[in-house]
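Student: Residue numbering for the sequence shown follows the working numbering, starting at 2 and increasing by one per position.
We treat Cβ as the ideally placed atom computed from N, Cα and C, and that holds for glycine.
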Amino acid sequence: VSEKSIVNEDGTVHKPDVLILATGFQARDYFAPLKIIGRGGKDLHQKWKAEGPTAYLGIISHAAPNLFFLVGPNTATAHNSLLFQMECQVGWVVNAIKEMFQRQARTITVKREAEEKYMQFVQSSFDGTVWNSSCGSWYADERGVITLLWPKLLVTYYLSTAVLIVQN
């Protein structure tokens with residue numbers, strides 16, 4: 002996989018409009034084994050391994066403009082339907098792409114401050130839940146931070162993704 006194409010073993014070059022990545026059951030190794038280079042030439046996977054994965058709504062990260070995730074950080078559910086969550090994410094992504102076309106924008110990203118504030122909201126929402134208890138779980142990373150689950154009701158996520166907040 003290169004910047005603008007996929008090359009088969011026989012040398013055939015394909016130029017896809019969209020590339021969809023499915024990582025299987027490496028739950029905390031988002032998009033492994035692919036190497037995704039984000040803002041500033043940084044390997045996003047390595048950044049997330051070192052600092053923990055973060056993404057606004059689990060969909061977009063300040064570290065990788067124009068990259069959208071489905072079932073990104075803190076969006077899996079242990080208490081409801083993941084399909085509904087994914088529908089919310091797809092709707093948000095479609096609205097973001099429509100906004101890009103309307104503005105003739107080449108890039109979309111989230112402000113680091115908005116992403117950090119969102120991640121603080123998510124992490125603080127685990128306080129007092131079974132997922133944040135001393136028994137531990139595979140939902141938490143090596144640092145004990147829950148990086149996989151969405152901690153609230155899905156209606157909260159739906160309302161969060163229903164509106165695209167746009168700023169210049």
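Whose C-alpha, out of I7, L150, T110 and L149, is nearest the C-alpha of V19?
Tutor: Residue numbering aside, residue 19 sits at position 18 when the sequence shown is read from its first letter. When only C-alpha atoms are compared, the closest one is I7.
Student: Distance check for T55 and R40, CA to CA, integer angstroms please.
Tutor: Numbered from 1 along the sequence shown, position 39 holds the residue referred to as residue 40. Numbered from 1 along the sequence shown, position 54 holds the residue referred to as residue 55. Answer to the nearest angstrom: the Cα atoms are 14 Å apart.
Student: Could you tell me whether the Cβ atoms of V91 and L71 are closer together than 8 Å?
Tutor: Here residue 91 refers to the residue found at position 90 of the sequence shown. Here residue 71 refers to the residue found at position 70 of the sequence shown. Yes. Within cutoff.
Student: According to DSSP, what are the bridge partners of Y158?
Tutor: Along the sequence shown, read from residue 1 onward, the residue named residue 158 stands at position 157. Answer is none; Y158 lacks a bridge partner.
Student: Can you tell me where the alpha helix (DSSP H) holding C89 begins and where it ends?
Tutor: The count along the sequence shown starts at 1 and reaches residue 89 at position 88. Note, C89: alpha helix (DSSP H), L83 to R104.
Student: DSSP puts L150 in a beta bridge; with which residues?
Tutor: In the sequence shown, the residue the question calls residue 150 occupies position 149. Answer is A77, bridged to L150.
Student: Let me check one thing: in DSSP terms, what residues is V167 bridge-paired to?
Tutor: Within the sequence shown, the letter at position 166 stands for residue 167. According to DSSP, which records beta bridges pairwise, V167 is partnered with nothing at all.
Student: Any idea what DSSP makes of A51, helix, strand or coil?
Tutor: Position 50 of the sequence shown, counting from 1, holds the residue named residue 51. Looking at A51 - three-state DSSP - the assignment turns out to be helix.
Student: In the DSSP assignment, find the alpha helix (DSSP H) that holds S6 and state where it starts and stops.
Tutor: Stepping through the sequence shown from its first residue, residue 6 is reached at position 5. Where S6 is concerned, there is no enclosing alpha helix (DSSP H), given that its DSSP letter is neither H nor E.
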